[in-house]
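Colleague: Have a look at this one before I ask anything.
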Amino acid sequence: MNDLENGIRHAAAEYGFKDIETCIKWLVTSPLTRQEVEILASHLTIGETYFFREIKYFEILEKHIIPELIRSRSGNEKYIRIWSAGCATGEEPYSIAILLDKMIPDLKEWNITILATDINPHFLRKAQDGLYSEWSFRGSPSWIRKYFTRTKEGFSILPEIKKMVTFSYHNLAEDAYPTLLNNTNGMDIILCRNVLMYFSQERAKQVAQALYLCLVDNGWLAVSPVETSHVLFSQFAAINFPDAIFYKKDISKSQRIEEFPEDNPVQKEIRTAPIGLVPEQIIIAVPEKKIEPKEEKIPGSEYNEVMALYVQGKYMRVTEILTDLVSHDNDTKAMILLSKAYANYGKSAQALEWCEKALAIDSLDSCSHYLHSIILQERGHVEEAIKSLKRAIYLDQDFVLAHFALGNFCRQIGKIKESNRHFENVLALLGKRRNDEILPESEGITAGRLFEIITTMKGKEMGHDITGR
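Using this note's numbering, you'd call the opening residue of the sequence shown number 2 and step up by one each time.
This is the structure we're talking about:
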């Protein structure tokens, strides 16, 4: 019996099927809930990895890509955002954290985001534990051992490295991204290795396009050698490093060869051919009278054109157009779009500035307070972020995503009961909506999808039949 058949047989038993054939027919013909996907993933996905796997990728990051990020961000805005998509049991994102600790002497002064996602909940739990066997160190450089403590159970990663990584469930084929809600926006580097090979050609192209939108301009995408493709990554520039190709987000329309310092190899840039948490009660200060914004001066057609650019992921162009337009009037709608564009572009300081300008004009807009909280959280201002969330809920008690965000905060600081209470509020609100209804401010997440996410996080089904039988 091969691994695939064995995996499906075990999944069939967990689903409640008596034979594998009936299970396969059901899998092919029925849409799966998140819980059902997790069951399948737990039996079929491969967690075969180790620290600094395919070390040539990490050497390129260390010698070429990360040094440039450090140089460009060495002023007031010290931040780096990296996403390990398909992180398995966590060796890859922890390797990134170790590499950054090695490279950046003043690391505590930096705002480092390492998002690590996977579809397999068992892998994510192991990754969050941060406990590994000798097998995870095969082929890895010996110097990384100093980042682990030997225990009876194995090797435990140091707390200061562990806290650098945020693990989260994410389905590249189904979940929304980029979005501020799951922090997949404004990434400098995305590692998505040995993932796309499991998708159909059409699905892989959709994922590649979505990853492109998740990157800042001149951001980098790494895939495995067997996944490199002119067809899949036609919108990227392919950068040919020694022994590996990285994809860079549309830095130029023309072909050229970049000259690097003598201690770095020359790299050829090739354009691919185009083919079709919550603390004690916080007092919320709200003005007694709403300050009326001035009449919008941006014509509807022009705003729609800018919105189309935003949807296409052309965030820099959006900021260029809107900065000029909103500097002459008080169009809060445009200011909020500008703030979102800056956030997706990785410019959280500018995003915060424009969001606060909009709030100064209209302080009773719940969506603006919600956006304010997301940006503050990204910048590490947790207490202020919570206050903004509470203001959003005060202004709109039916604001689903604000309730959900508060639940997440509580869960992150270990207040599970409090978190579940917030999630119960969300579930009650979701019960008033259709499963296919897209939630406001979610950028594509439906009520049904959020229901599945919450029930999984709570560790129970809340009376929901996950098999549908």
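We put the CB at the ideal spot given by N, CA and C, even for glycine.
Do the segment 223 to 237 and the segment 179 to 194 meet, that is, are 3 or more Cβ pairs less than 8 Å apart?
Modeller: Segments in contact, yes.
Colleague: With a threshold of 7 Å on Cβ separation, who are the neighbours of residue 295 within its own chain once the five nearest residues in sequence on each side are excluded?
Modeller: Position 294 of the sequence shown, counting from 1, holds the residue named residue 295. With a pLDDT of 42 at residue 295, under the threshold of 50, the modelled position of that residue is not reliable, and the figure given next carries that caveat. Taken in chain order, the residues that qualify are 330 and 331.
Colleague: Candidates 150, 347 and 453: which alpha carbon is nearest residue 81's?
Modeller: Indexing the sequence shown from 1 puts residue 81 at position 80. That would be 347, whose Cα lies nearest to the Cα of residue 81.
Colleague: Where does residue 111 sit, in a helix, a strand or coil, going by DSSP?
Modeller: Translated into the one-based positions of the sequence shown, residue 111 becomes position 110. Coil, per DSSP.
Colleague: Among 370, 202 and 115, which one has its Cα closest to the Cα of residue 396?
Modeller: The sequence position of residue 396 within the sequence shown is 395, counting from 1. For residue 396, the nearest C-alpha among the options comes from 370.
Colleague: With a cut-off of 8 Å on the beta carbons, I'd call residue 167 and residue 115 a contact; round off their distance for me.
Modeller: Here residue 167 refers to the residue found at position 166 when the sequence shown is read from its first residue. Here residue 115 refers to the residue found at position 114 when the sequence shown is read from its first residue. Right, their Cβ atoms sit about 7 Å apart.
Colleague: Am I right that residue 323 and residue 338 are in contact with their C-beta atoms under 8 Å? What's the rounded C-beta distance?
Modeller: Here residue 323 corresponds to residue number 322 of the sequence shown, with the count starting at 1. Here residue 338 corresponds to residue number 337 of the sequence shown, with the count starting at 1. About 6 Å; that satisfies the 8 Å criterion.
Colleague: Would you mind stating whether residue 84 and residue 165 have Cβ atoms separated by less than 7 Å?
Modeller: Reading the sequence shown from its first residue, position 83 is the one you call residue 84. Reading the sequence shown from its first residue, position 164 is the one you call residue 165. For residue 84 and residue 165, no; Cβs fall outside 7 Å.
Colleague: Could you say if the segment 99 to 112 and the segment 396 to 408 meet the contact criterion of at least three C-beta pairs nearer than 8 Å?
Modeller: They do not touch, by the three-pair rule.
Colleague: I'd like the span of the alpha helix (DSSP H) that includes residue 136, first residue to last.
Modeller: Taking the sequence shown and counting its residues from 1, one reaches residue 136 at position 135. Taken as a continuous stretch (DSSP letters only), residue 136 belongs to no alpha helix (DSSP H), as it is neither H nor E.
Colleague: Use the C-beta contact count for residue 208: other C-beta atoms within 10 angstroms, 16 or more gives buried, fewer gives exposed.
Modeller: Looking up residue 208 in the sequence shown gives position 207. Answer is buried; the Cβ neighbour count reaches 16.
Colleague: Buried or exposed: residue 73, going by 16 or more other Cβ atoms within 10 Å of its Cβ?
Modeller: As a position in the sequence shown, residue 73 is number 72, starting the count at 1. With fewer than 16 Cβ atoms within 10 Å of its Cβ, residue 73 is classed as exposed.
Colleague: Suppose you measure from the CA of residue 132 to the CA of residue 169; what does that come to, to the nearest Å?
Modeller: Taking the first residue of the sequence shown as 1, we reach residue 132 at position 131. Taking the first residue of the sequence shown as 1, we reach residue 169 at position 168. Roughly 17 Å between the two C-alpha positions.
Colleague: Residues in the same chain with beta-carbon distance under 6 Å from residue 96, minus the five sequence neighbours each way, listed in chain order, please.
Modeller: Here the question's residue 96 lines up with position 95 in the sequence shown. The answer, listed in chain order, is 52 and 53.
Colleague: Quick one: using the 10 Å Cβ neighbour count with 16 as the cut-off for buried, is residue 433 buried or exposed?
Modeller: Translated into the one-based positions of the sequence shown, residue 433 becomes position 432. That one is exposed.
Colleague: In whole angstroms, give me the CA-to-CA distance for residue 171 and residue 179.
Modeller: One-based indexing of the sequence shown puts residue 171 at position 170. One-based indexing of the sequence shown puts residue 179 at position 178. For residue 171 and residue 179, the distance between alpha carbons rounds to 12 Å.
Colleague: How about residue 448 and residue 438: are their beta carbons less than 7 Å apart?
Modeller: In the sequence shown, the residue the question calls residue 448 occupies position 447. In the sequence shown, the residue the question calls residue 438 occupies position 437. A contact, by the Cβ cut-off of 7 Å.
Colleague: Just the Cα atoms here: how many angstroms apart are residue 227 and residue 198?
Modeller: Position 226 of the sequence shown, counted from the first residue, corresponds to residue 227. Position 197 of the sequence shown, counted from the first residue, corresponds to residue 198. Roughly 8 Å between the two C-alpha positions.
Colleague: Three or more C-beta pairs under 8 Å: does that hold for the segment 413 to 422 against the segment 375 to 382?
Modeller: Because the criterion of three Cβ pairs below 8 Å is not met, the segment 413 to 422 and the segment 375 to 382 do not touch.
Colleague: Just tell me which of 457, 150, 88 and 342 has its CA closest to the CA of residue 173.
Modeller: Reading the sequence shown from its first residue, position 172 is the one you call residue 173. Among 457, 150, 88 and 342, the Cα nearest to that of residue 173 belongs to 88.
Colleague: When DSSP builds the beta bridges, which residues end up paired with residue 188?
Modeller: Translated into positions along the sequence shown, residue 188 becomes position 187. Paired residue(s): 216.
Colleague: Check residue 439 in the structure and name its three-state DSSP category.
Modeller: The sequence position of residue 439 within the sequence shown is 438, counting from 1. Residue 439 falls in the strand class under three-state DSSP.
Colleague: Could you check whether residue 383 and residue 405 sit closer than 7 Å to each other, using their CB atoms as the reference points?
Modeller: As a working mapping, residue 405 is identified with position 404 in the sequence shown. As a working mapping, residue 383 is identified with position 382 in the sequence shown. Their beta carbons are not under 7 Å apart, which means residue 405 does not touch residue 383 by this criterion.
Colleague: Can you give me the Cβ contacts of residue 218 inside the same chain, cut-off strictly under 8 Å, excluding the 5 residues immediately before and after it?
Modeller: Translated into positions along the sequence shown, residue 218 becomes position 217. Correct list, in chain order: 250, 251, 252, 316, 317 and 346.
Colleague: Could you tell me which residues DSSP pairs with residue 166 in its beta bridges?
Modeller: As a working note, residue 166 is residue 165 in the sequence shown. DSSP, once it has assigned bridges, lists 115 as partnering residue 166.
Colleague: Taking C-beta to C-beta, are residue 246 and residue 229 nearer than 7 Å?
Modeller: Within the sequence shown, numbered from 1, the residue matching residue 246 stands at position 245. Within the sequence shown, numbered from 1, the residue matching residue 229 stands at position 228. Yes, Cβ-Cβ distance for residue 246 and residue 229 is below 7 Å.
Colleague: In whole angstroms, what separates the C-alpha of residue 235 from that of residue 341?
Modeller: Taking the sequence shown and counting its residues from 1, one reaches residue 235 at position 234. Taking the sequence shown and counting its residues from 1, one reaches residue 341 at position 340. One C-alpha to the other measures close to 26 Å.
Colleague: Report the residue from 306, 389 and 155 whose alpha carbon sits nearest the alpha carbon of residue 365.
Modeller: In the sequence shown, the residue the question calls residue 365 occupies position 364. Residue 365 has its Cα closest to that of 389, out of 306, 389 and 155.
Colleague: Mind checking which residues open and close the alpha helix (DSSP H) that includes residue 144?
Modeller: One-based indexing of the sequence shown puts residue 144 at position 143. No alpha helix (DSSP H) contains residue 144, which DSSP labels as neither H nor E.
Colleague: For a test of the three-state rule: what should DSSP assign to residue 446, helix, strand or coil?
Modeller: By one-based count along the sequence shown, residue 446 stands at place 445. Coil, per DSSP.
Colleague: Have a look at residue 410 and residue 136 and give me their C-alpha separation to the nearest angstrom.
Modeller: As a position in the sequence shown, residue 410 is number 409, starting the count at 1. As a position in the sequence shown, residue 136 is number 135, starting the count at 1. Whole-angstrom Cα-Cα distance: 35 Å.
Colleague: My output table needs one value for residue 150: the three-state DSSP class, helix, strand or coil.
Modeller: Working through the sequence shown from its first residue, we reach residue 150 at position 149. Looking at residue 150 - three-state DSSP - the assignment turns out to be strand.
Colleague: Can you give me the C-alpha to C-alpha distance between residue 92 and residue 128, rounded to a whole angstrom?
Modeller: Taking the first residue of the sequence shown as position 1, residue 92 is located at position 91. Taking the first residue of the sequence shown as position 1, residue 128 is located at position 127. Those two C-alpha atoms are separated by around 8 Å.
Colleague: Measuring only the C-alpha atoms, how far is residue 314 from residue 386?
Modeller: For this step, residue 314 is matched to residue 313 along the sequence shown. For this step, residue 386 is matched to residue 385 along the sequence shown. Near 26 Å, if we compare the C-alpha coordinates of residue 386 and residue 314.
Colleague: By alpha-carbon positions, which one of 355, 25, 119 and 75 ends up nearest to residue 86?
Modeller: Locating residue 86 in the sequence shown gives position 85, counting from the first residue. Ranking the options by Cα distance to residue 86, first place goes to 119.
Colleague: Just the Cα atoms here: how many angstroms apart are residue 312 and residue 142?
Modeller: In the sequence shown, counting from the first residue as 1, residue 312 sits at position 311. In the sequence shown, counting from the first residue as 1, residue 142 sits at position 141. Using only the alpha carbons, I get a separation of about 42 Å.
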